[in-house]
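Number of protein chains: 4
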Amino acid sequence: MPRVGAEPIRRAALVKATIAEIGEAGTLDVTVSRIAKRAGMSSALAHHYFGGKEDIFLAAMRHVLTVYGAEVRGALAMADGSRARVEAIVRASFSDTSFRREVIAAWLNFYVLAQSSAAARRLLVIYQRRLQANLCHGLRPLVGDRACIVANNIAALIDGGYLRQSLGQGAADGQTAVDHVLGYLALELERATA
Amino acid sequence: MPRVGAEPIRRAALVKATIAEIGEAGTLDVTVSRIAKRAGMSSALAHHYFGGKEDIFLAAMRHVLTVYGAEVRGALAMADGSRARVEAIVRASFSDTSFRREVIAAWLNFYVLAQSSAAARRLLVIYQRRLQANLCHGLRPLVGDRACIVANNIAALIDGGYLRQSLGQGAADGQTAVDHVLGYLALELERATA
Amino acid sequence: MPRVGAEPIRRAALVKATIAEIGEAGTLDVTVSRIAKRAGMSSALAHHYFGGKEDIFLAAMRHVLTVYGAEVRGALAMADGSRARVEAIVRASFSDTSFRREVIAAWLNFYVLAQSSAAARRLLVIYQRRLQANLCHGLRPLVGDRACIVANNIAALIDGGYLRQSLGQGAADGQTAVDHVLGYLALELERATA
Amino acid sequence: MPRVGAEPIRRAALVKATIAEIGEAGTLDVTVSRIAKRAGMSSALAHHYFGGKEDIFLAAMRHVLTVYGAEVRGALAMADGSRARVEAIVRASFSDTSFRREVIAAWLNFYVLAQSSAAARRLLVIYQRRLQANLCHGLRPLVGDRACIVANNIAALIDGGYLRQSLGQGAADGQTAVDHVLGYLALELERATA
DNA sequence: AATGAATGAGGATTCATTCAT
DNA sequence: GATGAATGAATCCTCATTCAT
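As structure tokens, this is what we get:
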């Protein structure tokens, strides 16, 4: 009885192992062998399923982006009203799922990968556009014409938060990061309603 | 007449070549040989003067940080008043000298290097602290107790600006980045004086 | 049918090639590549199976020591009486298997390796102790209290024989070496029974 | 005023440094740079005076052999009678000057060098012949026809003593080594006069 | 599906040696 | 006489990738 559906399981294991390994090393300089071993298989099998190292990285990236996207969507579904929706996006960005040491390290490295891999850049640009669009749309009713500028600032604050946290030694502190960004949002809303 | 000081010349050439090479590749995955060749010497000489690859990277990092620091100091010297001083720091951060494709790529990679190299992290942390202190100090007379929070946000916006620009294909647009950050600053000042 | 045990075969081939190469060069200054080539494989595979150059050397050393030990044990098994046992050890030390140009060169180089490698020294010290113990034990019934002194002299004569032979250009002459050492033994026995 | 006779001083310094360096490393694998630095000069100058690395080694070897030879000659000059002369040679061989950790290591490495360098082998063979001749000649009046056989054994015991000492961790114990060899000599004389 | 075996290519690093000054 | 500068050549080692089984 050949075990059915081994492939998706293997791929998922590899993706997870990749993120863990990058997070641990803080670099893309991790060997396929190590990733495969952590995922409980031979490096040959990893190649079999993914084709090559970069493909493994891209799959890991896609996974991170997907998880983040799902988190945002989930938060949006429960949010009521424009402000709540914007705040939900911010909170989702610093949720315990995404704002973890290893995932932060992975993000940072994906930005680096995007410098040399067109495919990686494409993924990251899509993510950026979607985030920007979500924020812009949610902010329109709140700050009118400034919506996209504010959206841009919020996005930059989020990215900046990640970057700064990447240097921190302690556990990632999502709450403080959220407070900072929402503080800025409050300021903008204050002014808009003044 | 003994040939004077080949060493500082060589070191400077290597540092420059390193930044260029990292900028071009978008990675730290550049060979010492390529760097040396670009700097017009053998890789053996590069090792002779620096000891090893990481030392070369650290020297390049120190250089970038030093240039940036000088730029900030220069701008501060010409600024009159607290607000002007804060704005000067922001402008210096996006000056044409520092906010160039290759330097941005270098910064990004230095953040990655800091994940695995204690020496690199130390350098980056020092830079962060100094920036934060400068901003905090300049903002005190302007926003009082919120000074350090605002400073933190400005710093995050600057970092975020770099990160976002690293994905941009066109030439780096420092002016727009400055406008965004200063827009936020204006908002804070407005509220403080309200 | 999975191809069985390439590893032991490869390792054995490498060990053999290492001894041959050291014997030919008269130095530990042989490259892993040359060893691997002589063993019919890539240097990468040699590293894969052994980890590094020193590990290859240590394995070769262990092999030489093991072969010698087996030879001694075999000779002892056939020897009848104390004197015969001591003589068997001496003869085994200069057997055609061990007292060959390339093996002698290897021995010499292992002594050198032991100067800088703790692992190598350990191996050599163990071999020395065992030899000394064997001789001492065998000599006790023959020369009583002088046993260990005589054992020490015999061991020194054996080592000296190797060292002197390492300079000889002709084929190794085990018989003469044996005669010298046994001549000394006879002398001691003569005196003991006088 | 150009300093006269700098050359012999420099050469002597290099020779001394070479022996020290080999002794410390336990290998011929020492760099010319380190030797030169220890001797207080640039590696370029070392090459200037000696031509190349092997020449430096050969000079160091010649020095060790010369010092040893002088020691033997000095001891012989003071010895009265055949037995005293033979004993003098043995004692000189284990004198504090020659039987020191670093010199022992150098000797061992010279044997290795002799495997690949004809010049080194020549030096070592000459030393061996002279030692053998000296012993043989001194022993003739004492043991007659057995002289050269006994000489050979004594020489082997001396070499063996060096080899065994090279593995010892403590300070070299020349006295014990001398005792062992002279014990053997006494045995031969006893028999000869029986 | 899965893996051990195997390698080519490449890269950091070291070092003896040369040379201009 | 003396040295800093400079490099070509070599070597160890790693790793992504392929392939037969």
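Line by line, the protein sequences are chains Y, R, L and W. The opening residue of the first sequence carries number 0 in numbering that gives the first Met the number 0; numbering runs sequentially from there. The opening residue of the second sequence carries number 0 in numbering that gives the first Met the number 0; numbering runs sequentially from there. The opening residue of the third sequence carries number 0 in numbering that gives the first Met the number 0; numbering runs sequentially from there. The opening residue of the fourth sequence carries number 0 in numbering that gives the first Met the number 0; numbering runs sequentially from there. Where a beta carbon is used, it is the ideal one built from N, C-alpha and C, also for glycine.
Under the rule that 16 or more other beta-carbon atoms within 10 Å means buried, what is residue i, buried or exposed?
i, result
"E86(W)", "buried"
"Q164(R)", "buried"
"M77(Y)", "exposed"
"I8(L)", "exposed"
"S97(R)", "buried"
"D95(R)", "exposed"
"E6(L)", "exposed"
"D158(W)", "buried"
"D35(R)", "It should be noted that the sequence gives Ala, not Asp, for residue 35(R). It counts as buried."
"A69(R)", "exposed"
"G4(L)", "exposed"
"G160(W)", "buried"
"A211(R)", "Residue 211(R) is absent from the model: chain R starts at 0 and stops at 193."
What does the alpha-carbon distance come out to for the pair residue i and residue j?
i, j, result
"A176(R)", "R37(Y)", "42 Å"
"G50(W)", "R128(W)", "29 Å"
"A24(W)", "K15(R)", "39 Å"
"A193(R)", "R82(Y)", "24 Å"
"G143(W)", "R33(W)", "51 Å"
"E189(R)", "V180(Y)", "18 Å"
"V124(W)", "N151(L)", "26 Å"
"R120(R)", "F109(R)", "8 Å"
"R100(L)", "G22(L)", "7 Å"
"D28(R)", "A185(Y)", "43 Å"
"A19(R)", "T30(R)", "13 Å"
"M40(R)", "H46(R)", "11 Å"
"G169(R)", "A113(R)", "27 Å"
"G173(R)", "G182(R)", "14 Å"
"A154(Y)", "G73(R)", "30 Å"
"L44(R)", "A11(R)", "13 Å"
"G137(L)", "N133(W)", "35 Å"
"L64(W)", "Y126(W)", "7 Å"
"G84(W)", "F56(W)", "The sequence as given places Arg at residue 84(W); Gly does not occur at that position. One C-alpha to the other measures close to 31 Å."
"S92(Y)", "K52(L)", "50 Å"
"L162(W)", "L107(W)", "7 Å"
"T17(Y)", "L13(W)", "55 Å"
"Q131(Y)", "V89(Y)", "12 Å"
"L166(L)", "L122(W)", "11 Å"
"I103(W)", "Y67(L)", "26 Å"
"L141(L)", "A191(L)", "7 Å"
"D79(R)", "A105(Y)", "42 Å"
"C135(R)", "R139(Y)", "32 Å"
"E187(W)", "S115(W)", "37 Å"
"V111(L)", "Y48(L)", "24 Å"
Are any of the Cβ atoms in chain R nearer than 8 Å to that of residue i?
i, result
"G160(Y)", "yes"
"M0(Y)", "Caution applies to M0(Y), whose pLDDT of 45 falls short of 50 and renders its modelled position unreliable; the value that the coordinates give is listed next. With 8 Å as the cut-off, M0(Y) does not count as an interface residue toward chain R."
"A155(Y)", "yes"
"V124(Y)", "yes"
"T26(Y)", "yes"
"R120(Y)", "yes"
Does residue i come within less than 8 Å of chain Y when only Cβ atoms are used?
i, result
"L134(R)", "no"
"R114(R)", "A small fix is needed here, since residue 114(R) is Gln in this sequence, not Arg. Chain Y contact via Cβ: present."
"R129(R)", "no"
Let me see if you follow: with CB-CB separation under 8 Å, is residue i close to chain L or not?
i, result
"L107(W)", "yes"
"R99(W)", "no"
"H179(W)", "yes"
"A104(W)", "yes"
"G51(W)", "no"
If we cut at 8 Å on Cβ distances, does residue i have a partner in chain W?
i, result
"Y67(L)", "no"
"A191(L)", "no"
"S32(L)", "no"
"M111(L)", "Reading off the sequence, residue 111(L) comes out as Val, not Met. Closer than 8 Å: yes."
"G198(L)", "This structure cannot settle anything about residue 198(L), because the visible part of chain L is limited to 0 through 193."
Exercise for review: Could you tell me which uninterrupted alpha helix (DSSP H) segments, each at least 4 residues in length, are contained entirely in the segment 129–173 of chain L, listed from first to last along the chain?
Suggested key: Those alpha helix (DSSP H) runs which fall completely within the segment 129–173 of chain L and span 4+ residues are 146–166.
Review point. At which residue ranges does the segment 40–83 of chain L contain complete beta strand (DSSP E) runs of 3 or more residues, listed in the order of the chain?
Key: Positions of the beta strand (DSSP E) runs, each at least 3 residues long and wholly inside the segment 40–83 of chain L, cannot be given because no such run exists.
Check your understanding: Can at least three beta-carbon pairs, one atom from the segment 132–148 of chain Y and one from the segment 44–64 of chain R, be found at a separation below 8 Å?
Key -> Cβ pair count under 8 Å is below three, so no.
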